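*Asks:*
There are 2 protein chains.
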Amino acid sequence: MSLLEDGTDMHRTHLMAPGPTPVPERARLAMARQLIHHRGEEFKEVMHRVRRGLEWLFETDSDVLMLSCSGTGAFEAAMTNFTRRGDTVICVGGGKFGERWGDVARAFEMNVVDIDLQWGEHLEPSRLEEVLDAHPDAAMVTLTASETSTAVMHPVRQLASVVRQNSTALFAVDGITAVGVHRMPMDQWGIDVLVAGSQKAFGIPPGLGFVAASERAWKRYDDCDHPRYYFDLGRERRRQQDNQTAFTSSISLTLALQEVLEMMRQEGREELIQRHETNAAATRAGVEALGLSLLSSRHSNAVTAVVLPDEIDGAELVERLRTDHGVIIAGGQKHLSGKLIRIGHIGFFESADIRLTLGAVEEVLNQMGLDSEPGAALTAAQRVFVQQR
Amino acid sequence: MSLLEDGTDMHRTHLMAPGPTPVPERARLAMARQLIHHRGEEFKEVMHRVRRGLEWLFETDSDVLMLSCSGTGAFEAAMTNFTRRGDTVICVGGGKFGERWGDVARAFEMNVVDIDLQWGEHLEPSRLEEVLDAHPDAAMVTLTASETSTAVMHPVRQLASVVRQNSTALFAVDGITAVGVHRMPMDQWGIDVLVAGSQKAFGIPPGLGFVAASERAWKRYDDCDHPRYYFDLGRERRRQQDNQTAFTSSISLTLALQEVLEMMRQEGREELIQRHETNAAATRAGVEALGLSLLSSRHSNAVTAVVLPDEIDGAELVERLRTDHGVIIAGGQKHLSGKLIRIGHIGFFESADIRLTLGAVEEVLNQMGLDSEPGAALTAAQRVFVQQR
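So the protein lines, in turn, are chains U and P. Take the first sequence: its position 100, counting from 1, is numbered 100 in this note's numbering, and each next residue is one higher. Take the second sequence: its position 173, counting from 1, is numbered 562 in this note's numbering, and each next residue is one higher.
#1: If the cut-off is 8 Å on Cβ atoms, which residues from the segment 480 to 502 of chain P count as contacting chain U, listed in chain order?
#2: DSSP three-state label for P/E510, please.
#3: Let me check understanding here. Comparing Cα to Cα, which of P/R772, P/V773, P/I718 lies closest to U/G40?
#4: Which of the three DSSP states is assigned to P/N668 in this structure?
#5: Quick one: residues in its chain with C-beta nearer than 7 Å to the C-beta of P/N755, no 5 flanking neighbours on either side, listed in chain order?
#6: If you count every other CB in all the chains shown that lies within 10 Å of the CB of P/Q577, and 16 or more means buried, which is it?
#7: So, at 8 Å on beta carbons, what are the nonlocal neighbours of U/N301 in its own chain, with the 5 sequence-adjacent residues on each side left out?
#8: Quick one: what's U/F171 bridged to in DSSP?
#9: Since P/I732 contacts P/V692 with CB under 8 Å, what's their CB separation in whole angstroms?
#10: Using a Cβ-Cβ distance under 8 Å, would U/I343 count as near chain P?
#11: Please list, in chain order, all residues of the same chain as P/I743 whose beta carbon is under 7 Å from its beta carbon, the five residues on each side excluded.
#12: Can you pull the chain U neighbours of P/L418, defined as C-beta to C-beta under 7 Å?
#13: Express the C-alpha separation of P/P594 and P/T410 in angstroms, rounding to a whole number.
#14: Given a threshold of 16 other Cβ atoms within 10 Å of its Cβ, counted over all protein chains shown, does U/S337 qualify as buried or as exposed?
#15: What does the alpha-carbon distance come out to for the pair P/G703 and P/V695?
#16: For U/R106, which residues of its own chain have a beta-carbon under 6 Å away from its beta-carbon, when the five flanking residues on both sides are left out?
#17: Would you list, in sequence order, the uninterrupted alpha helix (DSSP H) runs of no fewer than 4 residues that lie entirely inside the segment 228 to 293 of chain U?
#18: In three-state DSSP terms, what is U/M153?
#19: Within 10 angstroms of its Cβ, does U/K219 collect 16 or more other Cβ (buried), or is it exposed?
#20: Between the Cα of U/E259 and those of U/A17, U/A32, U/D114, U/V141, spot the shortest distance and give me the residue it belongs to.
#21: Could you tell me the distance, in whole angstroms, from the CA atom of U/L317 to the CA atom of U/C69?
#22: Counting only beta-carbon separations shorter than 8 Å, does U/G73 have a partner in chain P?
#23: Go to U/T304, then tell me how far its beta strand (DSSP E) extends in each direction, as first and last residue.
#24: Taking the beta carbon of U/Q266 as the centre, do at least 16 other beta carbons fall within 10 Å, making it buried, or is it exposed?
#25: In chain order, what residues of the same chain lie with their CB nearer than 6 Å to the CB of U/V211, ignoring the 5 residues before and after it?
#26: Could you pull the start and end residues of the alpha helix (DSSP H) that U/T72 belongs to?
#27: What whole-angstrom Cβ distance do P/L679 and P/A766 have, given they're in contact under 8 Å?
#28: When you compare the CB of U/V260 with every CB in chain P, is at least one pair closer than 8 Å?
#29: I need the DSSP call for P/L380, collapsed to helix, strand or coil.
#30: Does the pairing of the segment 78 to 87 of chain U with the segment 218 to 237 of chain U give three or more beta-carbon distances under 8 Å?
#31: Determine, using beta carbons only, whether U/G291 comes closer than 8 Å to chain P.
#32: If you follow the alpha helix (DSSP H) that P/V570 is part of, which residue opens it and which one closes it?
#33: Residues of chain U with CB under 7 Å from P/L646, in chain order?
#34: Thinking C-beta only, is U/E59 closer than 8 Å to U/M186?
#35: Is there at least one Cβ from chain U nearer than 8 Å to P/P409's Cβ?
#36: Here's a check: name, in chain order, each residue in its chain whose Cβ is nearer than 6 Å to the Cβ of U/G286, leaving out the five neighbours to either side.
The structure is reproduced here in structure tokens:
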């Protein structure tokens, strides 16, 4: 009998979805603080520290602007501040979020060139080069670096290099599940616009989007003719350089952000990335030891997408993990609904969380009829953890 | 010596600005909760309760949509979903926020007819009637019901009636400091679009904007040709009717909102408005007893704007209240900077907060040379509180 269903709710809940991700206690306590005024000196000092922390994480000398919106709002801002109406935009698909940027571009009356990919497939640099050759007028290339719907990590560094060498297009990267998870040094790699969101590697609640833009991108800003007001990044930049926001700040989230950026700095940027890489490798090793295969051709450190055998119903698996173990993972999206599970490991997770999740997945799958040796997933994961130390 | 300046920080801080406003403990504890997944059943139940609570407060049968943005984002959404490019929009000015809607409309290439008002002056219905007669093609009239920069409350009910009787324009009301503060029954009064924000009467942190629209407004939605994606209210309505949000929900703020809506229901809608009215009346009585005058020709229950004598420097007064008493109020904005103080009384304030504020204001003003009888402000306020019980 499920502990949740009988109303006792005795299970701890383990949020192992690819975001939102559990919020560390010191950030939750910051969320519970009484408000400070967003136009006062104390908040300015918070903004100053947060801005330095974001620049450190994005590895950029540019301003990383904070916006009160979800990641989609931040990406819309990226598109509508650095292109013109009717511009050609090359949108890399291959997943729910990659395809969304094509929809955003169409909503803003741009000429969209879609690069269609099988869900699970990553973009080869040579293919991008061909598309750029065919569209020399392209003003922007959009890419979801880590595609949350498929667990694909695209080769961002090589793709950035292809854009730079073959085009004057800006390279706009949705780093919502990549920043703080994979190295993403925007200045060094030549990323023009990089977007992130609060509820992913930052491990705080949703509600803040981040956008950083290169000087190359800011030069296009002045010619931009999209109508915009709330998402006018020029106004935001002027205000944020003064440690203010253009409109009322999301005060509590900013206080929480200050805490997690400090945690990230204490851990170290390389160590933060390495921890994600190890957790991801251990998760993949675990599910492969169950005889299951991965959807992604090139793997994200944020999420693992596991293809289920036909006889296993994904929705039932997700539901049993939740009710029997309090483990919250995600299923497949769109046409992969029911055929996939997605285990998130983005944020402040340690090896215990991965063991907890793999243990529950293995137990339920065995109960649902999957034939594997009990302990196989945990054993495979342990080998990864032991090797990495 | 200031307790804050010497670093001991022993003062409690009393946030008496016109928003953000102190967050009740049960809402702060909700902010500190571990996240729940925004696509799970528990969150859907929260959304269901919150939607019912918002409809109760807005006094409407329409959907009150929640958006992850500040109030300005919500107002932009109101404008860009229910008008067409080039439409004539009549924007009532007379303060920082009223004038902002003219700026938003201009950013979206609309034909703006400004109704200029002296800051502090309210709009007479007869004047709106004249402007409507001169612009029979107007598609929308925008009004900031309670103008936070001047403490003016416009006669919304009469203005709505004028719009209805003289025009086919939609009446879009910024109720950011009016909803939950003054009665604002949108269906009964014929308000077409009503906007609010989380950090005002709701008493939770900034980051959520609310928009409700009449069926008349939704009929215009289908013809709307403004480019938009994040703020597409049609998509939001479809999702929120299913107790979801179109993009990642501001989970923690929604949990906090659930708490304060419950508090408002327990207090009662009439009692909530009455409490604001009493606190506002007591504040006005207090400052008038000091011989000071009010800026507003018709008063908001959210904020009191006090005109200072020439010999009193507003910036110094605000600063001394902060450092000597921990009382945070606001100064004047734009051309009224330094000439005005604005005392907020929007949110979960009781008479003790008003006495605390008036006591500090009186003490500091007397120290700065204002000649009044010590206790005059408190005495005048007490008369109001006693009479109202």
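Ideal placement from N, C-alpha and C gives every residue a C-beta, glycine not left out. Remember, predicted model here, so these are calculated numbers, not experimental data.
*Replies:* Looking at the coordinates:
#1: D492, V493, A496, F497, E498
#2: For the purposes of this step, residue 510 of chain P is identified with residue 121 of the second sequence, where counting begins at 1. Note: P/E510 maps to coil in three-state DSSP.
#3: For the purposes of this step, residue 40 of chain U is taken as the residue at position 40 of the first sequence. For the residues P/R772, P/V773, P/I718, the minimum Cα distance to U/G40 belongs to P/I718.
#4: Here residue 668 of chain P refers to the residue found at position 279 of the second sequence. P/N668: helix per DSSP, three-state reduction.
#5: On the second sequence, residue 755 of chain P is found 366 positions in, with the first residue counted as 1. Closer than 7 Å at Cβ, skipping near neighbours: S761, P763.
#6: Taking the second sequence and counting its residues from 1, one reaches residue 577 of chain P at position 188. It counts as exposed.
#7: Here residue 301 of chain U corresponds to residue number 301 of the first sequence, with the count starting at 1. Excluding sequence neighbours, U/N301 sits near S146, M153, V181, H182, I273, H276, E277, N279, A280, H345, I346.
#8: In the first sequence, the residue the question calls residue 171 of chain U occupies position 171. For U/F171, which the question treats as bridged, DSSP gives the partners U/V141.
#9: Against the second sequence, residue 732 of chain P aligns to sequence position 343. Against the second sequence, residue 692 of chain P aligns to sequence position 303. 7 Å between Cβ atoms; contact.
#10: Within the first sequence, residue 343 of chain U is the residue found at index 343, counting from 1. So no, U/I343 is outside the interface.
#11: For the purposes of this step, residue 743 of chain P is taken as the residue at position 354 of the second sequence. So the qualifying residues of the chain are N668, A671, T672, H734, A770.
#12: The residue you call residue 418 of chain P lines up with position 29 of the second sequence. By Cβ distance, chain U contributes A32.
#13: Taking the second sequence and counting its residues from 1, one reaches residue 410 of chain P at position 21. Taking the second sequence and counting its residues from 1, one reaches residue 594 of chain P at position 205. Straight-line Cα distance between these residues: approximately 8 Å.
#14: The residue you call residue 337 of chain U lines up with position 337 of the first sequence. U/S337 should be labelled exposed.
#15: Your numbering for residue 703 of chain P matches position 314 in the second sequence. Your numbering for residue 695 of chain P matches position 306 in the second sequence. Approximately 10 Å, taken between the alpha carbons.
#16: On the first sequence, residue 106 of chain U is found 106 positions in, with the first residue counted as 1. Within the same chain, U/R106 has close Cβ partners V112.
#17: 233 to 240, 251 to 267, 269 to 289
#18: As a position in the first sequence, residue 153 of chain U is number 153, starting the count at 1. Correct three-state label for U/M153: strand.
#19: Mapped onto the first sequence, residue 219 of chain U falls at position 219. Exposed is the call here.
#20: Locating residue 259 of chain U in the first sequence gives position 259, counting from the first residue. Of U/A17, U/A32, U/D114, U/V141, the residue nearest in Cα terms is U/A32.
#21: Sequence index remark: in the first sequence, residue 317 of chain U carries index 317 (1-based). Sequence index remark: in the first sequence, residue 69 of chain U carries index 69 (1-based). Looking at the two C-alpha atoms, the distance is approximately 32 Å.
#22: As a first step, residue 73 of chain U is located in the first sequence; it is residue number 73 there, counting from the start. Judged by the 8 Å Cβ criterion, U/G73 is in contact with chain P.
#23: What you label residue 304 of chain U is simply residue 304 of the first sequence in a count that begins at 1. That run of the beta strand (DSSP E) goes 303 to 307.
#24: Looking up residue 266 of chain U in the first sequence gives position 266. U/Q266 should be labelled exposed.
#25: The residue given as residue 211 of chain U occupies position 211 in the first sequence. Once the five neighbours on either side are set aside, the close Cβ partners of U/V211 are L65, A74, A77, A78, V195.
#26: By one-based count along the first sequence, residue 72 of chain U stands at place 72. It spans 71 to 82 - the alpha helix (DSSP H) in which U/T72 sits, taken as one unbroken run.
#27: Counting from one through the second sequence, the residue named residue 679 of chain P turns up at place 290. Counting from one through the second sequence, the residue named residue 766 of chain P turns up at place 377. With a Cβ gap of about 5 Å, P/L679 and P/A766 count as contacting.
#28: Numbered from 1 along the first sequence, position 260 holds the residue referred to as residue 260 of chain U. Chain P contact via Cβ: absent.
#29: Coverage of chain P is limited to positions 390 through 778, which leaves residue 380 of chain P absent and any answer about it impossible.
#30: yes
#31: Here residue 291 of chain U is taken as the residue at index 291 of the first sequence, counted from 1. With 8 Å as the cut-off, U/G291 does not count as an interface residue toward chain P.
#32: Position 181 of the second sequence, counted from the start, is the residue given in the question as residue 570 of chain P. No alpha helix (DSSP H) contains P/V570, which DSSP labels as neither H nor E.
#33: If you number the second sequence from 1, residue 646 of chain P lands on position 257. Per Cβ cutoff of 7 Å: no residues; P/L646 is ~12 Å from chain U at best.
#34: Numbered from 1 along the first sequence, position 186 holds the residue referred to as residue 186 of chain U. Numbered from 1 along the first sequence, position 59 holds the residue referred to as residue 59 of chain U. Their beta carbons are under 8 Å apart, which means U/M186 touches U/E59 by this criterion.
#35: Against the second sequence, residue 409 of chain P aligns to sequence position 20. True, the Cβ-Cβ gap to chain U drops below 8 Å.
#36: As a first step, residue 286 of chain U is located in the first sequence; it is residue number 286 there, counting from the start. Correct list, in chain order: L358, A377, A380, A381.
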